[in-house]
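Scroll down for the structure; my scribbles are underneath it.
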Amino acid sequence: SQTGYAAGLVTSQIVDLASELQEATGISDTFTLNAAGLLATFTEIGGNQFTRATETILNMTDAMYFGNVTMENLRGTTIQVGKALNDPILGLTALKRVGVAFTAEQKIQIKQFVGLNKVAKAQQIILDELNKEFGESSKIDTYQKAVNRMSQAFGDFRKRVGADLEPALKEL
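The C-terminal position of the sequence shown is numbered 262 in our numbering, with every residue numbered one higher than the one before it.
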């Protein structure tokens, strides 16, 4: 896709990332793919920052919604983080509204990096702070995550069985 290339990743890399994150978090790879697709519309986010942002979005959504990661919750967080990373200076204000605090030094560094056209470095500071505040919340094992993992495993099983049966059904 056009925006996928802007992110510096091909579709198969994003699918692999979603699968890895589903394994680690129990959050549906479909949810992650949808979030990554939405994140890819923010054309200033690429490469490693895109990958980190995708995982950060899962952690933030998990923490902010107490483990209730729905597509709607994920969509809202993706837009917040996407806007913040796409325009780091304005992004500081948007993230402050949801309780993310940046030090005066971080704010100055972000402005300097943006002024030097080193947006990826400014994004790095934002992602570091988000990871400090939200950590790997989505990877912490809870009962709900165990249920999610079981549900995702069953869904993946159904997809595989369907794919295996499809050629036989076409012959009928």
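The beta carbon of each residue, even a glycine, is placed where N, CA and C say it ideally should be.
On a predicted model such as this, the values are computed, not experimentally measured, just so you know.
Between Ala184 and Ala174, the beta carbon gap of about 6 Å places them in contact (Cβ cut-off 8 Å).
Taking all protein chains in view, the Cβ of Phe224 is crowded by 16 or more other Cβ atoms within 10 Å, so the residue is classified as buried.
Here the alpha carbon of Glu134 sits roughly 16 Å from the alpha carbon of Leu182. Within the same chain, and ignoring the five residues on either side of Ile104 in sequence, the residues whose Cβ sits closer than 6 Å to its Cβ are Ala126.
Boundaries cannot be given for Phe192, as no alpha helix (DSSP H) includes it and DSSP labels it neither H nor E. Around the CB of Ala194, fewer than 16 other CB atoms lie within 10 Å, so the residue is classed as exposed. Boundaries of the alpha helix (DSSP H) around Ser109: 101-115. Straight-line measurement puts the Cα of Asn176 at about 13 Å from the Cα of Phe203. Scanning Val159, Arg142, Leu206, Gly166 for the CA closest to the CA of Glu219 turns up Arg142. Taking all protein chains shown into account, Met150 has 16 or more neighbouring C-beta atoms within 10 Å of its C-beta and is therefore buried. In chain order, Phe203 place their CB closer than 6 Å to the CB of Lys211, counting only its own chain and leaving out the 5 sequence neighbours on each side.
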